[in-house]
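Note that the sequence shown covers residues 264 to 353 in the numbering used here.
Below: one structure, written as structure tokens.
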Amino acid sequence: MQNLRERMAEIAIEYASGSRLRSEAETARRLIDSYLGDRSDVDRVTLAPSSESVFCVSVEGDRIWCTDPREWIDAVEAVTAARKRLSELS
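Structure, rendered in structure tokens:
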């Protein structure tokens with residue numbers, strides 16, 4: 264069981280706190296969880312407010328996808344980036 268636990272990745276959505284981005288982050292979290300939540304290598308998808316003006320997705324603490332938070336946020340791109348990174352970790 265320990266080996267299975269070690270292979271599980273945590274995905275975090277980092278967003279500028281104190282802005283409209285929380286709802287965008289919630290939407291992205293639900294979408295990522297919907298697409299990747301049943302994978303055995305995903306531990307959980309979390310939200311991480313940031314003091315930086317960012318909207319990024321991280322896998323295991325490494326930012327893998329970022330977008331300008333002032334523009335439209337494409338959560339499907341975030342899912343695609345997370346899926347690609349998870350395949351690299353396998």
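C-beta atoms are modelled at their ideal positions from N, C-alpha and C, and glycine is treated no differently.
Since the model is a prediction, treat every value here as computed from it, not as a measurement.
Within a 10 Å sphere around the beta-carbon of Arg292 sit 16 or more other beta-carbons, which makes this residue buried.
Residue state for Asp306 is assigned as strand, using DSSP reduced to three classes.
Where Glu273 is concerned, there is no enclosing alpha helix (DSSP H), although the beta strand (DSSP E) around it starts and stops at 272 to 279. Contact annotation: Leu310 and Ile276 have beta-carbon atoms nearer than 7 Å.
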